[in-house]
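Please read the structure below before turning to the comments.
Residue numbers (the working numbering): -14 to 160.
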């Protein structure tokens, strides 16, 4: 398996999962917002400041663009550890959704694809690692760095979600 194959599969599974979130977050919040059983659920707890579906899509598009650039760097400069770091970070993100599925014993936004793609990613990593050499110190260095960069970027995007929403409505002429 090449770095390009690895990167394409990681990026495809990432977007499949993100579409699950984009499509289901708002209906989930609307359906369960007053149900006390879901008061602490990830999306319900943040419902007051959760961005519009359009803004969520822009945020995810920006994440996709950055992940694509990072994976292209991994491919072009032959840095499999960077591709794996992106994949590992996404896999860690899936664990949050899987924990929510287990906690509430039902599908939550992102939960179905998390449960389905998590084992695929583990299999993908195992296949890649069995076929290709890599630098474990570099992987162990890049993974937390990529994770911190992703978390800082997400925090920045969510902090500016209202600005993104205003720009969207101004650009689209809907307000």
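Ideal placement from N, C-alpha and C gives every residue a C-beta, glycine not left out. From a predicted model like this one, the values you see are computed outputs, not experimental measurements.
Identify the continuous alpha helix (DSSP H) that holds residue i and give its terminal residues.
{"i": "residue 72", "result": "65 to 89"}
{"i": "residue -14", "result": "It is not in any alpha helix (DSSP H) - residue -14 carries neither H nor E in the DSSP assignment."}
Residues in its own chain within less than 8 Å of residue i by CB, not counting five upstream and five downstream?
{"i": "residue 44", "result": "36, 139, 142, 143, 146, 149"}
{"i": "residue 120", "result": "66"}
Can you look up residue i in the DSSP assignment and give me helix, strand or coil?
{"i": "residue 119", "result": "coil"}
{"i": "residue 26", "result": "coil"}
{"i": "residue 49", "result": "helix"}
{"i": "residue 11", "result": "helix"}
{"i": "residue 42", "result": "helix"}
{"i": "residue 55", "result": "helix"}
{"i": "residue 37", "result": "coil"}
Going by CA-CA distance only, name the one from the options that's closest to residue i.
{"i": "residue 66", "options": "118, 42, 104", "result": "118"}
{"i": "residue -13", "options": "155, 61, 20, 151", "result": "61"}
{"i": "residue 101", "options": "79, 124, 57", "result": "79"}
{"i": "residue 162", "options": "39, 92, 71, 109", "result": "Any property of residue 162 remains undetermined from this structure, which presents the chain solely from -14 to 160."}
Within its chain, find whatever has a CB closer than 6 Å to the CB of residue i; leave out the 5 residues flanking it on each side and keep chain order.
{"i": "residue 163", "result": "Summary: the structure shown does not reach residue 163, with the chain confined to residues -14 through 160, and so no result is reported for it."}
{"i": "residue 73", "result": "128"}
{"i": "residue -9", "result": "68, 113"}
For the ligand SAM, is there a heavy atom less than 7 Å away from the beta-carbon of residue i?
{"i": "residue 105", "result": "As far as ligands go, the structure on display features none, and thus does not contain the ligand SAM."}
Just to confirm my understanding: we take residue i, look at its own chain, exclude 5 residues before and 5 after, and list those with CB closer than 7 Å. What are they?
{"i": "residue 1", "result": "98, 102"}
Handout entry: Secondary structure, alpha helix (DSSP H): runs of 4+ residues fully inside the segment 102 to 156
Key = Correct list: 121 to 144.
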